[in-house]
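J.: Residue numbers (the numbering used here), protein chains in the order written: chain A, 1 to 155; chain B, 1 to 760.
I have a structure I would like to understand better, so I am pasting it below and will then ask my questions one at a time.
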Amino acid sequence: MKYEISFLLNNDKVTVEVDPVWTLLYTLREVFGLTGTKEGCGYGECGACTVIIDGQAVNSCIFPILEVEGRHVTTIEGVASKDGTMHPLQKAFVNEGAIQCGFCTPGMIMSAKALLDAKENPTEDEIKDAIEGNLCRCTGYVRIIDAIKSVSKGR
Amino acid sequence: MDNFTIVGQKIPKIDAPVKATGDALYIQDIKVSGMLHGKILYSKYPHARILKLDTSKAETLPGVRAVVTAADMPPNFRIGVMKDNPPLKSGKTKSIRDEIAAVAAISTEVAEEALSLIEVEYEELPGIFDPIEAMQEGATLIHEEVKSNILKMPWKLVCGDVETAKKDSAHIVEDTFSTQWVTHCCMGTSGCIAQLDASNNLTLYSNTQIPSLAQNDFVEALNAFGYKNRRVRIIQSVIGGGFGSKLDTYAYEYIAILLAIKTRKPVKIIFSREEEFFATSPRQCTITKISQGCDKEGRLTFREIEMILDNGAYTSWGATTPSVMMLPISSLYKVPNIKYVAKCVYTNNTYCQAMRGYGNPQATFAIESSLDQLAEKAGIDPLEFRIRNSNEPGEITPQRFKITSCGMKECIDEVAKRLAWKTKKEHKGNRGVGIASLIHVGGGARVYKSDGCGTIIKMDDFGKVDVFTGASDIGQGSDTVIAQIVAEVLGIPIENVNVVNNDTDICPWDVGVHASRTTFVAGNAALGAAKKIREQILEAAGKLLEEEPSFLDIKNSIIYSTKDKEKSTPLGKALRKIHYTLGGKMLMAEYFYDPANENFDREFKGNLSVSYAYGAHGVEVEVDKETGQVKILNYIAAHDVGKPINPLLLEGQIYGGGLQGIGYALGEKMIYKNGRLMNGNFLDYKMPTVKDVPPVQAVIVETDEKDGPFGAKGIGEPGLVPTAPAIANAIYDAVGVRIKDLPITPEKILKALKEKQGRT
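Quick look at the structure:
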């Protein structure tokens with residue numbers, strides 16, 4: 001049995017037929033072809049699949065698709081400006097050396113964005129709290145913290 | 001490095017923007033038309049006889065396109081270093097990760113359902129999960145045909161005379177240290193897509209670290225399948241982490257190929273996180289008995305090590321890590337007399353592979369922990385003890401390593417200074433400081449007959465270049481380093497350099513991303529090709545400008561005479577003139593660089609690497625005696641890596657390696673119980689999170705490596721090599737207990753504290 005749901009995806013209104021067992025991650029990747037959101041574990045422990053729903057960072061791999069009805073979903077593809085200019089956070093991740101293999105990067109940026117959207121000048125502890133659920137094996141997190149800090153200072 | 005404008009600069013990774021926007025395509029993101037999805041059925045028991053294997057129900061499930069078992073594989077086809085691993089197993093299963101059947105279906109969900117319909121009857125057999133037990137006479141043989149559980153790969157290194165040195169030593173210590181299984185935790189799991197064309201040529205989309213060697217393995221596989229003399233093309237996706245995990249070819253890749261042969265469709269296999277934990281090959285666990293001695297002045301006299309490695313049920317490169325362990329064992333500090341024997345032992349556990357450091361972290365944990373014990377016995381400050389025994393430039397070590405540049409003492413000095421060693425050593429409360437050093441290959445490593453890498457450079461009409469390199473970028477930033485080198489030599493902005501690194505059809509041969517060799521070897525290959533094309537440009541421009549080529553230079557994409565300022569031309573304009581003329585040409589150059597290092601001889605001696613990387617880590621900890629918790633108050637990681645080509649990336653390697661080392665030291669462990677992994681997920685396996693990051697300083701100690709590209713040496717692995725012993729030594733300094741078994745958990749510290757109290 002399929003259901004039709006509508007929601008705001010990266011500021012575009014979308015209507016889609018879904019199977020209720022689908023997760024938001026599955027729908028983003030397989031239906032909309034938005035592969036920027038990654039599956040690192042599939043059970044909500046690594047944060048690679050983080051997207052923002054109504055201002056909150058969530059693990060899309062365990063988020064039931066029917067719950068998305070009427071809500072506002074932002075993925076990594078919706079972070080840059082329409083003209084392709086990267087978001088300050090994306091620029092900071094590039095320039096501060098916060099990216100190595102990059103698999104965790106989209107989720108990391110989404111968690112950081114949710115934080116900075118809610119609080120312009122977070123403390124280092126608040127930054128760490130915000131990305132605690134985002135695992136990274138390459139960078140040792142040092143440059144990621146630096147990148148997020150650099151954006152919050154610049155505001 | 002004042003004269004350079006691009007080399008030596010903190011330049012952001014050239015592949016970072018596509019990764020920041022989500023546009024980078026990893027193996028998970030790649031789709032091929034008509035693609036099917038493969039899934040693998042693993043053994044239910046670590047050791048069992050398969051009595052019945054019935055796939056008929058699975059075959060009739062709608063959406064299933066093929067079900068394969070060992071019967072579908074070419075008979076006697078085996079993979080791995082010792083060719084002891086059939087990609088699909090029949091008869092007896094030997095580990096919990098034994099692949100016994102696989103399915104290709106229209107979706108992952110259907111494939112998974114089909115797996116559940118495969119009926120298997122097992123007779124569970126008693127397993128051997130302890131290498132010591134497996135070595136006993138009369139122990140059940142894991143591989144009946146090889147007659148012994150001890151691998152026929154005897155590792156033995158003897159330099160000088162250990163027995164005499166023992167007699168002459170003023171102080172001797174002896175102890176046993178052990179290390180655990182840890183896994184790479186690549187954030188992107190393993191996977192591939194196998195696709196055959198009408199002529200049975202294979203294209204494999206892959207996240208391998210060894211495209212050229214993998215190509216060879218799969219050509220052999222096609223031969224075994226009866227497709228003789230076929231072509232294999234490896235196309236690498238963006239790679240979501242490597243750390244050594246993708247240095248071999250694996251059963252799942254051969255299974256994908258088999259399923260593609262059976263279905264005549266492309267077949268994609270992507271590991272779930274659960275599979276990534278239990279079905280990939282971790283860093284091997286070791287039991288190390290070590291003895292070291294020194295004279296009255298505290299100069300090392302000998303080092304003797306006996307080691308047992310749990311090989312698991314099959315053999316991958318993990319079994320060869322003793323070769324690299326020999327490097328610190330023979331040559332970390334000046335030690336004239338060495339004896340090292342290692343045995344790899346088959347068990348019914350998981351089998352092991354390369355993981356960042358390739359044995360060096362295990363060996364260095366034992367050496368550097370033992371060294372602290374020896375320093376204490378000799379009554380010498382451990383930092384002073386290390387300086388006294390430090391390696392030096394120009395040294396030839398007992399294993400015949402020729403030490404060229406060496407900044408070991410400088411690294412130790414940095415640690416002493418930044419940690420305020422002398423002050424902290426007179427510690428108060430439960431705080432303590434520890435230090436450990438490292439040596440690693442820094443100029444390639446001749447483990448195969450070739451340690452080479454090829455590069456082709458092609459110039460366009462506008463002064464932009466495409467660089468085709470054999471080197472794989474697994475996130476470490478080799479593409480950026482290569483682009484910097486080429487841009488520097490050609491006097492063009494880095495934006496004008498496009499690095500192509502992911503297709504064996506167009507990229508030259510490379511032995512693989514291992515041994516911290518890519519900056520050094522691929523860097524030198526890129527440097528050689530860039531110099532060649534620069535010569536071509538200047539020669540042709542010399543004719544255009546009527547100037548001697550030796551007086552010409554290129555900067556900011558302008559070719560100009562250093563003698564006559566009037567004579568200059570934009571690079572693009574010159575290139576177009578060279579091209580669009582009768583008998584014109586497009587400029588291309590190729591270069592293959594193979595370092596002048598040596599394979600080991602039969603006694604495991606020889607100059608394995610052209611240069612060696614050094615480092616020292618110092619740490620201050622605070623230990624809570626009530627809970628056993630260790631808090632890192634300050635962490636200094638000083639590394640001699642020659643001249644840095646890109647300090648931003650270099651420090652990234654040190655930070656990243658350092659935290660992996662901290663995980664290894666304090667938390668990470670794959671808990672295997674009777675051959676089964678008990679903590680194969682991120683909740684139970686303690687990979688460090690951002691909350692585990694201590695205050696850390698990455699310190700670059702510059703030396704000038706004459707053979708390195710722009711003076712550089714390798715840095716990929718060293719960042720985690722001395723971490724665990726530095727922490728163990730600091731804990732001992734803080735509370736007087738020495739934990740000899742990694743990881744150093746609060747439980748072990750509390751137990752040791754209790755025992756110590758009981759004694760006093």
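We treat Cβ as the ideally placed atom computed from N, Cα and C, and that holds for glycine.
For clarity, every value in this text was computed on a predicted model and none was experimentally measured.
1) What in chain B is Cβ-close to residue 99 of chain A, meaning under 7 Å?
2) Within 10 angstroms of the Cβ of residue 141 of chain A, are there 16 or more other Cβ atoms? Answer buried if so, exposed if not.
3) Can you give me the C-alpha to C-alpha distance between residue 59 of chain B and residue 276 of chain B, rounded to a whole angstrom?
4) Measure the CB-CB distance between residue 452 of chain B and residue 593 of chain B and report whether it falls below 8 Å.
5) Could you tell me which whole alpha helix (DSSP H) segments of length 4 or greater appear in the segment 79–110 of chain A?
6) What's the C-alpha gap between residue 691 of chain B and residue 461 of chain B?
7) Note down, in chain order, all residues in the segment 184–209 of chain B with a beta-carbon under 7 Å from any beta-carbon belonging to chain A.
8) Starting from residue 273 of chain B, find everything on chain A with Cβ-Cβ shorter than 9 Å and list it in chain order.
9) Reducing DSSP to helix, strand and coil, say where residue 514 of chain B ends up.
10) To which residues of the same chain is residue 527 of chain B closer than 6 Å at the C-beta, ignoring the five residues directly before and after it?
11) Who are the near neighbours of residue 544 of chain B in its chain, counting only those whose CB is closer than 7 Å to its CB and skipping five residues on each side?
12) By DSSP's criteria, residue 588 of chain B is part of a beta bridge. Which residues make up the other side?
13) May I have the straight-line CA-CA distance separating residue 435 of chain B from residue 283 of chain B, to the nearest angstrom?
14) Applying the 10 Å Cβ sphere with the 16-neighbour rule, what's the burial state of residue 646 of chain B?
15) For residue 545 of chain B, report the span of its alpha helix (DSSP H) as first-last.
16) Quick one: which chain B residues come within Cβ less than 9 Å of residue 128 of chain A?
17) If you run the structure through DSSP and keep just helix, strand and coil, what is residue 8 of chain A?
18) Would you kindly work out how many angstroms separate the C-alpha atoms of residue 88 of chain B and residue 104 of chain B, rounded to a whole number?
19) By the 8 Å beta-carbon criterion, what residues does the segment 473–484 of chain B contribute toward chain A?
20) For a contact defined as C-beta to C-beta under 8 Å, what are the partners of residue 80 of chain A on chain B?
21) Going by DSSP, what residue range makes up the alpha helix (DSSP H) through residue 243 of chain B?
22) Return the chain-ordered list of same chain residues with a C-beta closer than 6 Å to the C-beta of residue 768 of chain B, the five sequence neighbours on each side being excluded.
23) Tell me which residues share the same chain as residue 483 of chain B and place their Cβ nearer than 6 Å to its Cβ, disregarding the 5 neighbours each side in the sequence.
24) Is the beta carbon of residue 622 of chain B sitting closer than 8 Å to the one on residue 419 of chain B?
25) Rounded to whole angstroms, how far is the Cβ of residue 346 of chain B from the Cβ of residue 389 of chain B, which I believe are closer than 8 Å?
26) Can you grab the Cα-Cα spacing for the pair residue 121 of chain A / residue 57 of chain A, in whole Å?
27) Rounded C-beta distance between residue 20 of chain A and residue 66 of chain A? I'm assuming under 8 Å.
28) Could you give the first and the last residue of the continuous alpha helix (DSSP H) run that contains residue 421 of chain B?
29) Of the choices A:108, A:31, A:24, A:152, whose alpha-carbon is the least far from that of residue 63 of chain A?
30) Which class does residue 114 of chain B belong to by DSSP, given the choice of helix, strand or coil?
31) Using the C-alpha atoms, what's the distance from residue 363 of chain B back to residue 294 of chain B?
32) Excluding sequence positions up to five away, which residues of its chain have a Cβ less than 7 Å from the Cβ of residue 112 of chain B?
33) Helix, strand or coil: how does DSSP classify residue 44 of chain A here?
34) Can you tell me whether residue 132 of chain B is buried or exposed, with buried defined as 16 or more other CB within 10 angstroms of its CB?
35) At what residue ranges does the segment 353–419 of chain B contain a whole run of the alpha helix (DSSP H), taking only runs of 4 or more?
36) I want to see whether chain B comes within less than 8 Å of residue 71 of chain A, judged by CB atoms only; does it?
T.: Result, derived from the coordinates:
1) Within the first sequence, numbered from 1, the residue matching residue 99 of chain A stands at position 99. Correct list: 13, 16, 19, 20.
2) If you number the first sequence from 1, residue 141 of chain A lands on position 141. Buried, because 16 or more other Cβ atoms sit within 10 Å of the Cβ of residue 141 of chain A.
3) Indexing the second sequence from 1 puts residue 59 of chain B at position 59. Indexing the second sequence from 1 puts residue 276 of chain B at position 276. So the alpha carbons of these two residues sit roughly 26 Å apart.
4) Residue mapping note: residue 452 of chain B aligns to position 452 of the second sequence, counting from 1. Residue mapping note: residue 593 of chain B aligns to position 593 of the second sequence, counting from 1. Contact: yes.
5) 88–95
6) By 1-based counting over the second sequence, the position of residue 691 of chain B is 691. By 1-based counting over the second sequence, the position of residue 461 of chain B is 461. Each residue's alpha carbon lies about 51 Å from the other.
7) 185, 186, 187, 188
8) The residue labelled residue 273 of chain B in the question sits at position 273 within the second sequence. In chain order: 39, 40, 41, 42, 43, 45, 46.
9) Residue 514 of chain B sits at position 514 when you count from the first residue of the second sequence. Residue 514 of chain B: coil per DSSP, three-state reduction.
10) As a working note, residue 527 of chain B is residue 527 in the second sequence. Cβ neighbours of residue 527 of chain B beyond the five flanking positions: 485, 709.
11) Stepping through the second sequence from its first residue, residue 544 of chain B is reached at position 544. Hits under 7 Å: 569, 574, 577.
12) Counted from its first residue, the second sequence places residue 588 of chain B at position 588. In DSSP, residue 588 of chain B forms a bridge with B:458.
13) Residue mapping note: residue 435 of chain B aligns to position 435 of the second sequence, counting from 1. Residue mapping note: residue 283 of chain B aligns to position 283 of the second sequence, counting from 1. Each residue's alpha carbon lies about 23 Å from the other.
14) As a working mapping, residue 646 of chain B is identified with position 646 in the second sequence. Result: buried.
15) Within the second sequence, numbered from 1, the residue matching residue 545 of chain B stands at position 545. First-last of the alpha helix (DSSP H) with residue 545 of chain B: 523–545.
16) Numbered from its first residue, the first sequence carries residue 128 of chain A at position 128. Going along chain B in sequence order, the residues near residue 128 of chain A (Cβ under 9 Å) are 689, 690, 691, 693.
17) Within the first sequence, the letter at position 8 stands for residue 8 of chain A. Of the three classes helix, strand and coil, the one that applies to residue 8 of chain A here is strand, per DSSP.
18) Here residue 88 of chain B refers to the residue found at position 88 of the second sequence. Here residue 104 of chain B refers to the residue found at position 104 of the second sequence. Whole-angstrom Cα-Cα distance: 15 Å.
19) 474, 475, 476, 477
20) As a working mapping, residue 80 of chain A is identified with position 80 in the first sequence. Per Cβ cutoff of 8 Å: 21.
21) Locating residue 243 of chain B in the second sequence gives position 243, counting from the first residue. It is not in any alpha helix (DSSP H) - residue 243 of chain B carries neither H nor E in the DSSP assignment.
22) Shown here, chain B extends from 1 to 760; a query on residue 768 of chain B therefore has no answer.
23) For the purposes of this step, residue 483 of chain B is taken as the residue at position 483 of the second sequence. Same-chain partners within the cutoff: 14, 494, 497, 499.
24) Taking the second sequence and counting its residues from 1, the one referred to as residue 622 of chain B is at position 622. Taking the second sequence and counting its residues from 1, the one referred to as residue 419 of chain B is at position 419. Not closer than 8 Å, so no.
25) To locate residue 346 of chain B, count along the second sequence from 1; it is residue 346. To locate residue 389 of chain B, count along the second sequence from 1; it is residue 389. At roughly 37 Å, the Cβ-Cβ gap does not stay under 8 Å, so residue 346 of chain B and residue 389 of chain B are not in contact.
26) Counting from 1 along the first sequence, the entry for residue 121 of chain A is found at position 121. Counting from 1 along the first sequence, the entry for residue 57 of chain A is found at position 57. Taking the straight line joining both Cα atoms gives about 18 Å.
27) Taking the first residue of the first sequence as 1, we reach residue 20 of chain A at position 20. Taking the first residue of the first sequence as 1, we reach residue 66 of chain A at position 66. Between residue 20 of chain A and residue 66 of chain A a beta carbon distance of about 5 Å is seen, short of the 8 Å cut, so the two are scored as contacting.
28) For the purposes of this step, residue 421 of chain B is taken as the residue at position 421 of the second sequence. Start and end: 421–425.
29) The residue labelled residue 63 of chain A in the question sits at position 63 within the first sequence. With distances taken between Cα atoms, residue 63 of chain A lies closest to A:24.
30) Counting from one through the second sequence, the residue named residue 114 of chain B turns up at place 114. Helix, per DSSP.
31) For the purposes of this step, residue 294 of chain B is identified with residue 294 of the second sequence, where counting begins at 1. For the purposes of this step, residue 363 of chain B is identified with residue 363 of the second sequence, where counting begins at 1. Answer to the nearest angstrom: the Cα atoms are 19 Å apart.
32) Here residue 112 of chain B corresponds to residue number 112 of the second sequence, with the count starting at 1. The residues are 39.
33) Locating residue 44 of chain A in the first sequence gives position 44, counting from the first residue. Residue state, collapsed to three classes: coil.
34) Counting from one through the second sequence, the residue named residue 132 of chain B turns up at place 132. So residue 132 of chain B counts as exposed.
35) 360–378, 382–388, 408–419
36) As a working mapping, residue 71 of chain A is identified with position 71 in the first sequence. By this cut-off, residue 71 of chain A is not an interface position.
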